[in-house]
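The numbers in our numbering rise by one with no breaks, and the one at position 188 of the sequence shown is 188. These notes concern the structure reproduced below.
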Amino acid sequence: MRSTSNAPHLRLSVQIVKQYNIGNAYNRPLIMFQAPVFFEPYLRVHNYLSTCSTEKFSMRRYIVDGQMEIRPPAYMKPGVQLSFNIKPFTLDKLPEDLHLNESQKTAFKEALSREFSIIQGPPGTGKTHLSVQLVNSLIQNAKALGTGPIIVLTYTNNSLDKFLVKISRYTQEILRFGSQSRDPQISKFNLRTMIKPELLPPRLKRIWWLVNCEHKKEFQNLQGLYANFDGSEESYQDILAAQEKLNQVAERIETLRMVFQFFLARDKDLLAMTTTCAARHNFLFRLLQSKCVLFEEAAEIQEAHIVACLTPHTEHVILVGDHKQLQPFSGSSKVPQISLFERLIVAGLPYSRLNLQYRMRPCISELLVPSIYDELLCSESVKEYEDIRLMSKNLYFVQHNQPEHRTSDMSVENLYEAGVLAKLTEFLIQKAQYKHSDIVILSPYNGQIECIKNALPQNYRSTVQVASVDSFQGLEANIVLLSLVRSNLSGRIGFLQQANRVCVALSRARWALYIVGNMTILEDSFPKIWSPIVKRLKENNAIGEAFPTIIST
């Protein structure tokens with residue numbers, strides 16, 4: 001950073017560097033900025049966007065030009081014959097063994113008939129189930145349609161693994177990229193466990209060996225230059241030249257690695273990875289000429305990261321998600337991120353919407369209508385849940401005005417709420433005889449998570465899950481205990497004025513939802529969201545100063 005007498009403004013220079021001993025090389029003090037999020041995908045996305053062709057920009061008519069009329073996928077030729085489980089079908093008459101409800105069937109038809117398809121699904125409406133059926137159908141028709149391997153991308157590793165467990169019932173020809181899978185059921189699909197040298201041509205293996213030897217030589221040369229750096233300009237230029245040579249060899253290694261992966265992936269039905277991983281594999285997608293890509297959790301993915309996963313060969317994009325839940329995270333909660341998913345829905349692009357939920361007891365799902373969703377129907381299955389044992393209510397909000405406290409890491413905690421939920425946890429396990437795994441305690445604040453863990457009995461701390469609301473996106477639990485934390489005289493409610501986080505917090509429970517918080521401050525500070533929720537709670541006689549436990553005799 002420097003300023004001149006003629007220009008009062010500061011000039012800031014930011015450089016991505018790949019050097020050791022850099023402070024000595026520049027012979028000046030340097031400031032390092034640490035990114036609050038994983039930097040690698042941003043670098044990969046930047047590299048792609050800075051080199052991609054604007055003329056061959058896939059789905060440009062919708063993403064850039066704002067066209068509202070969606071064409072069919074180019075590979076869906078007029079009169080094409082589709083099949084499912086060896087039985088022919090048309091989009092006018094879907095196969096009976098799809099096992100989809102009416103809104104899912106509509107979304108299924110529209111996803112196959114639109115080259116750019118958006119499917120919005122509120123919590124528990126079977127988004128993943130629909131995605132699995134779509135991918136299964138596309139795989140069965142891939143050869144006839146000439147799509148190449150179907151690509152499935154998700155925002156998180158957990159969601160990717162959950163999807164692969166389900167799709168593996170229909171195909172074993174799966175290749176999972178990345179090293180973060182923790183599910184033993186799908187470890188056999190991991191790229192690292194499937195490398196087969198016999199698939200590679202001998203000449204290619206010879207080139208790989210030679211380039212790796214060259215990389216080792218150039219790396220040792222660079223190390224020597226660093227060790228002997230004398231501060232001169234000549235010595236510094238030698239380092240830069242050696243660094244450039246090493247980078248060029250590294251790029252050749254990366255290209256060869258992609259070629260290896262091509263030989264492994266070209267005959268697979270499905271390629272699966274997170275978007276972070278996909279940002280590195282755009283070249284592989286080009287080699288494979290894959291035509292269809294499906295994004296799970298699409299509303300949580302930044303627009304640039306979706307664009308970087310497309311190629312000039314992409315003819316069909318399916319985005320599945322819910323913009324009413326968590327939005328993309330850029331490292332700063334002060335700068336809201338609008339996903340491509342949400343931007344296009346708000347702009348008026350046609351989309352499909354699922355409306356029948358299979359997760360929440362009706363009294364819980366009703367909290368989301370109309371404050372979050374205009375409509376959310378309940379399946380018959382959720383109306384048949386048994387009542388919670390030794391509780392007179394399956395939904396309840398404990399109102400209080402006990403003050404919050406700031407923690408040392410600038411989070412927020414509420415000791416009163418932690419104590420109340422710890423006691424309820426003990427009651428549900430010891431008296432009502434629920435399993436530890438049935439119960440999950442959630443809070444929007446990391447400080448409160450630690451506070452609740454400390455309030456729990458020692459023998460519960462490793463068996464009862466306590467998690468942040470954000471980390472529980474996409475997950476569910478039988479019984480959810482929710483600590484809202486905020487209680488102060490200034491009316492600050494932080495995360496609780498974000499409708500997306502409120503939606504996630506209220507929609508994780510299946511059998512029961514028990515909440516503790518200061519409803520007065522919530523309703524006063526953000527009535528648009530919280531007033532309809534208060535109304536629903538009052539209609540159910542579900543607000544009071546203590547949880548409605550029934551003492552067994």
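From the three backbone atoms N, C-alpha and C, an ideal C-beta is built for every residue, glycine too. Only a predicted model underlies this, so the values are computations on that prediction, with no experimental measurement involved.
Within the same chain, and ignoring the five residues on either side of GLN261 in sequence, the residues whose Cβ sits closer than 6 Å to its Cβ are LEU284. Runs of the alpha helix (DSSP H) lying entirely within the stretch 243-276, each at least 4 residues long, are absent. Fewer than three Cβ pairs drawn from the stretch 397-407 and the stretch 375-386 lie within less than 8 Å of each other, which leaves the two stretches out of contact. In this structure, ILE139 and LEU270 form a Cβ contact; the two beta carbons are roughly 6 Å apart against a cut-off of 8 Å. For LEU356, DSSP records a beta bridge to LEU377. Distance check between GLN248 and each of PRO370, HIS215, GLU96 places HIS215 closest, using alpha-carbon atoms only. MET519 carries a helical assignment under DSSP once its states are collapsed to helix, strand and coil. Between GLU173 and LYS56, the CB-CB gap reaches or exceeds 9 Å. About 27 Å separates the CB atoms of SER371 and ALA418; that is not less than 8 Å, and the two are not in contact.
By the criterion of a C-beta distance shorter than 6 Å, ASP438 is surrounded in its chain by ASN478, ILE479, once the five residues flanking it on both sides are discounted.
Looking at LEU319, LYS93, ASP470, the one whose alpha-carbon comes closest to that of VAL502 is ASP470. Rounded to the nearest whole angstrom, the C-alpha separation of PRO123 and ASN101 is 15 Å. Going by DSSP, GLY321 is part of the beta strand (DSSP E) stretching over 316-321.
ILE167 has its alpha-carbon roughly 43 Å from the corresponding atom of ILE543. A contact between stretches requires three or more CB pairs, one per stretch, nearer than 8 Å, and the stretch 249-260 fails this requirement with the stretch 144-161. Using a Cβ distance threshold of 9 Å, ALA298 and ILE550 do not count as a contacting pair. In the structure shown, ALA477 adopts extended strand secondary structure according to DSSP, grouped into three states.
Below 8 Å, too few C-beta pairs join the stretch 48-55 and the stretch 336-345 to call them touching: fewer than three. The Cβ-Cβ distance between MET360 and LEU264 does not fall below 9 Å.
In the DSSP assignment, GLN399 is bridged to GLY517. Straight-line measurement puts the Cα of VAL516 at about 43 Å from the Cα of PHE189. DSSP, read as helix, strand or coil, puts ILE439 in strand. Taking all protein chains in view, the Cβ of ARG508 is crowded by 16 or more other Cβ atoms within 10 Å, so the residue is classified as buried. One thing to note: LEU354 has its Cβ within 9 Å of the Cβ of ALA107. Measuring C-alpha to C-alpha distances from THR171 to each of ILE186, LYS217, SER159 identifies ILE186 as the nearest.
Within the stretch 117-201, complete alpha helix (DSSP H) segments of at least 4 residues are found at 127-140, 142-145, 157-167, given in chain order.
For a cut-off of 8 Å, the C-beta gap from LEU489 to CYS451 is around 21 Å, too long to register as a contact. Put simply, the backbone Cα of LEU240 is about 14 Å away from that of GLN220.
Secondary structure note for LYS93: it is in no alpha helix (DSSP H), with a DSSP letter that is neither H nor E. One thing to note: PRO444 has its Cβ within 9 Å of the Cβ of ALA505. Looking from the CA of VAL165, the closest CA among ILE207, PHE526, HIS129 belongs to HIS129. DSSP links GLN289 through a beta bridge to no other residue. Nearest Cα to VAL412 within the set LEU356, CYS277, TYR75, SER487: SER487.
Ranked by Cα distance from VAL211, the first of ILE441, ALA227, ILE253 is ILE253. The same chain holds no residue with a CB closer than 6 Å to that of ARG492 once the five nearest residues on each side in sequence are set aside. Counting along the chain, the unbroken alpha helix (DSSP H) around VAL307 starts and ends at 303-307.
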